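Colleague: The following block contains the structure, expressed as structure tokens.
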Amino acid sequence: MSRDNLASMAGMATETVSRILSDFKDEGLIERKGSQILILDHLKLHTMKN
Numbered sequence: 221m222s223r224d225n226l227a228s229m230a231g232m233a234t235e236t237v238s239r240i241l242s243d244f245k246d247e248g249l250i251e252r253k254g255s256q257i258l259i260l261d262h263l264k265l266h267t268m269k270n
């Protein structure tokens, strides 16, 4: 899924999605490998949504 598609699904601007993904990567929550996003800390991401 492209960042544009993800942004559209989330109702956000593509730039916002890119910034959030970069923040998540910096915090060790995700790892990006090419076009794939690996979730490294499911629990922390889950608690963030609440």
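For the sequence shown, the numbering used here gives the first residue as 221, with consecutive numbering after it.
C-beta: ideal position from N, C-alpha, C; glycine also.
Being a predicted model, the structure only gives us computed values, none of them experimental.
(1) Could you name the residues of the same chain whose beta carbon sits closer than 7 Å to that of D261, not counting the 5 residues immediately before and after it, in chain order?
(2) Between which two residues does the beta strand (DSSP E) holding L258 run?
(3) Since D246 contacts T234 with CB under 8 Å, what's their CB separation in whole angstroms?
(4) Whole angstroms are fine: how far does the CA of S255 sit from the CA of H266?
(5) Give the secondary structure of E247 by DSSP, where H, G and I count as helix, E and B as strand, and everything else as coil.
Modeller: Taking the geometry as given:
(1) As a working note, residue 261 is residue 41 in the sequence shown. The answer, listed in chain order, is G248 and L249.
(2) Your numbering for residue 258 matches position 38 in the sequence shown. From DSSP, the beta strand (DSSP E) with L258 extends over Q256 to I259.
(3) By one-based count along the sequence shown, residue 246 stands at place 26. By one-based count along the sequence shown, residue 234 stands at place 14. Taking C-beta atoms under 8 Å as the contact rule, D246 and T234 fail to qualify, at a distance of about 19 Å.
(4) One-based indexing of the sequence shown puts residue 266 at position 46. One-based indexing of the sequence shown puts residue 255 at position 35. Distance between the alpha carbons of H266 and S255 is about 22 Å.
(5) Counting from one through the sequence shown, the residue named residue 247 turns up at place 27. DSSP places E247 in coil when its eight states are reduced to three.
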